[in-house]
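The block underneath contains the structure these notes are about, expressed in structure tokens.
Protein chains: 2
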Amino acid sequence: MTTITAPEATRTRLRNERAILDAAEQVFARHGYRGASVQAIAEAAGLPKSNVLYYVGSKRQLYVTLLERMMERWNAMLDDISVDDDPAEVLEAFIRSKMELTRTHPQGSRLFAAEVLQGAPFLQDYLRGELRGWVHARAKVFEQWAAKDLMDPVDPVWLIFLIWSSTQHYADFEAQVLGITGREALEASDYQDITDFLCRIILKGCGVVSRRP
Amino acid sequence: MTTITAPEATRTRLRNERAILDAAEQVFARHGYRGASVQAIAEAAGLPKSNVLYYVGSKRQLYVTLLERMMERWNAMLDDISVDDDPAEVLEAFIRSKMELTRTHPQGSRLFAAEVLQGAPFLQDYLRGELRGWVHARAKVFEQWAAKDLMDPVDPVWLIFLIWSSTQHYADFEAQVLGITGREALEASDYQDITDFLCRIILKGCGVVSRRP
DNA sequence: AAAAATATTGACCAATTGGTCAAGTTGCTT
DNA sequence: AAGCAACTTGACCAATTGGTCAATATTTTT
């Protein structure tokens with residue numbers, strides 16, 4: 001019996017699709033949706049252009065698939081929290097997991113950045129819906145923590161943006177970071193240092209008090 | 001007597017060049033270098049494509065001109081500091097002026113982001129030279145402040161990146177910020193709030209003590 | 001081994017790309 | 001008002017764009 005809805009996931013298909021998705025993520029991240037050409041993606045994947053289109057259907061579909069893959073990674077990162085959790089632990093885990101996403105998926109992070117830079121034409125619904133809800137749910141918890149004097153009464157949404165931006169930076173502006181620090185690449189230990197730095201500054205900065213000291 | 005090297009800056013030329021530069025900044029910021037088409041820029045400027053090329057020579061020259069214009073704005077922001085300055089004042093002025101650049105020139109900020117996203121092919125020299133020197137000079141001062149116990153001994157380069165990223169965010173990820181906050185645009189008062197928030201978190205976060213309390 | 005499904009790819013298409021050019025029109029100076 | 005420089009613009013160019021398709025080759029299933 002064969003699957004009716006989706007094409008059979010043969011060995012060949014799996015291998016080629018992965019090569020195409022990875023290549024496309026690089027090219028789209030670098031040059032944005034318009035600036036990326038199917039030809040360039042095909043070359044990066046080591047396949048003829050026709051073959052790429054055979055698998056992915058169209059440039060647009062390929063782009064959407066990549067965004068969905070990235071949003072899945074993003075969602076996998078986001079766990080729920082409650083007032084009863086420890087603010088220090090939660091904020092630190094938040095920073096660490098976001099930085100880990102940046103470190104392990106820099107291309108995807110840059111793809112996301114390129115999409116938002118052009119006004120998020122494909123992600124607007126996601127931003128205004130799912131993500132917005134998630135942010136405000138978390139914001140409420142932050143405010144409750146502040147009411148309990150477990151942290152300073154800072155605007156929780158700006159705080160979330162601070163964590164996003166300061167971590168995202170090391171993917172999106174990697175070229176600048178490398179140019180200024182004079183390195184070839186950032187090692188795992190660098191990410192460790194930066195994460196520690198950000199946890200320290202941000203936790204201290206918003207006066208977070210650990211409930212379990 | 002006429003200028004020999006540069007073309008006369010006639011009224012017409014001035015008007016058209018400004019329209020072209022502003023239009024191009026928008027289009028390049030949205031779609032990156034490759035993704036931007038001269039046709040799209042021309043339409044945004046309200047001129048025929050041939051006319052645009054008459055003024056700017058080529059797409060590449062236009063892009064370089066825009067990057068130079070943005071780097072001038074960037075440089076105008078950067079004033080020198082010394083160990084004798086007040087850390088609190090300097091850091092706050094740093095954050096405020098960077099945020100002001102983001103607010104008044106969002107397109108240019110996004111253009112810069114798009115350039116760095118694609119690996120900074122045109123700005124590599126600037127990043128590895130001028131800007132790198134500026135960063136390290138300032139980093140030295142931060143370290144001296146830390147040695148004098150005027151602030152915590154944090155890595156000064158990561159601190160500079162934190163300020164850059166957290167302010168830059170409101171230009172580059174404007175679409176996300178608007179989507180999540182549910183606004184049409186960020187007002188001057190919003191920028192004021194965000195700037196105050198960032199000053200507060202970052203100064204407190206790295207234990208900055210004002211020398212003149 | 002035959003049949004059926006899946007994969008490969010060059011040829012081709014209309015549309016768009018950055019850029020040139022020549023023929024005009026406008027604007028400024030004298 | 002005349003003359004010259006600056007400006008304007010449609011026609012045009014080779015190259016590239018995303019995408020189609022039919023012919024062929026390779027797997028997989030029976």
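Chains A and B, in that order, give the protein sequences.
Numbering follows the UniProt record's numbering, in which position 127 of the first sequence is assigned residue number 127; successive positions increment by one, without gaps.
Numbering follows the UniProt record's numbering, in which position 124 of the second sequence is assigned residue number 124; successive positions increment by one, without gaps.
Backbone N, C-alpha and C define an ideal beta-carbon position, used for all residues, glycine too.
Model, not experiment: these values are computed from the prediction.
- Taking 8 Å as the CB threshold, residue 181 of chain B lines the interface with chain A.
- Less than 8 Å divides the Cβ of residue 66 of chain A from the Cβ of residue 21 of chain A.
- Taking 9 Å as the Cβ-Cβ cut-off, the segment 14-33 of chain A approaches chain B at 29, 30, 31, 32, 33, given in chain order.
- Here the alpha carbon of residue 47 of chain A sits roughly 57 Å from the alpha carbon of residue 89 of chain B.
- In summary, residue 165 of chain B is buried, with 16 or more beta-carbon neighbours lying within 10 Å of its beta-carbon over all protein chains present.
- Around the Cβ of residue 68 of chain B, a 10 Å sphere holds fewer than 16 other Cβ atoms; the residue is exposed.
- Taking a contact as a CB-CB distance under 8 Å, the pair residue 110 of chain A and residue 45 of chain A does not count as one, their CB atoms being some 18 Å apart.
- DSSP places residue 71 of chain B in the helix class (H, G or I) of the three-state scheme.
- Taking a Cβ-Cβ threshold of 9 Å, the residues of chain A close to residue 155 of chain B are 193, 194, 197, in chain order.
- Taking C-alpha positions only, residue 104 of chain A is separated from residue 171 of chain A by approximately 10 Å.
- Rounded to whole angstroms, the gap between the alpha carbons of residue 123 of chain A and residue 98 of chain A is 19 Å.
- For residue 206 of chain A, the three-state secondary structure derived from DSSP is coil.
- For the options B/78, B/137, B/63, B/159, the alpha carbon positioned closest to that of residue 114 of chain B is the one of B/63.
- Within 10 angstroms of the beta-carbon of residue 120 of chain B lie 16 or more other beta-carbons, which makes it buried.
- In the structure shown, residue 50 of chain A falls within a helical segment according to DSSP collapsed to helix, strand and coil.
- For residue 183 of chain B, the three-state secondary structure derived from DSSP is coil.
- The C-beta of residue 209 of chain B comes no closer than 8 Å to any C-beta of chain A.
- In summary, the residues of the segment 106-120 of chain B whose CB is separated from some CB of chain A by less than 8 Å are 110, 113, 114, 116, 117, 118, 119, 120, in the order they occur in the chain.
- Between the segment 126-143 of chain A and the segment 184-198 of chain A, the count of C-beta pairs closer than 8 Å stays below three; the two stretches do not touch.
- Against chain B, the beta carbon of residue 204 of chain A has neighbours under 7 Å at 204, 205, listed in chain order.
- For the 8 Å CB-CB criterion, residue 107 of chain A and residue 32 of chain A do not form a contact.
- Boundaries for residue 81 of chain B: no alpha helix (DSSP H) harbours it, and the DSSP string shows neither H nor E there.
- Taking a beta-carbon distance threshold of 8 Å, residue 135 of chain A counts as an interface residue toward chain B.
- Annotated as distal: residue 116 of chain A and residue 161 of chain B, with beta-carbon spacing of 8 Å or more.
- When Cβ pairs closer than 8 Å are counted between the two stretches, the segment 138-148 of chain A is seen to touch the segment 68-84 of chain A, the count reaching three or more.
- Listed in chain order, the non-local C-beta contacts of residue 112 of chain B below 7 Å within the same chain comprise 70, local neighbours out to five positions each way being set aside.
- Straight-line measurement puts the Cα of residue 135 of chain A at about 8 Å from the Cα of residue 180 of chain B.
- Within the same chain, and ignoring the five residues on either side of residue 101 of chain B in sequence, the residues whose Cβ sits closer than 6 Å to its Cβ are 77.
- 157, 158, 159, 161, 162, 164, 165, 166, 168: these are the residues of the segment 156-168 of chain B whose beta carbon lies less than 8 Å from some beta carbon of chain A, given in chain order.
- Counting only residues of its own chain and dropping the five nearest sequence neighbours on each side, residue 92 of chain B has a CB closer than 8 Å to the CB of 199, 203.
- Residue environment: residue 14 of chain A is assigned as exposed (fewer than 16 neighbouring CB atoms within 10 Å of its CB, all protein chains considered).
- The shortest C-alpha to C-alpha distance from residue 19 of chain A to any of A/52, A/59, A/137, A/148 is the one to A/52.
- Here residue 34 of chain B really is in contact with residue 35 of chain A; their C-beta atoms are around 3 Å apart, less than 8 Å.
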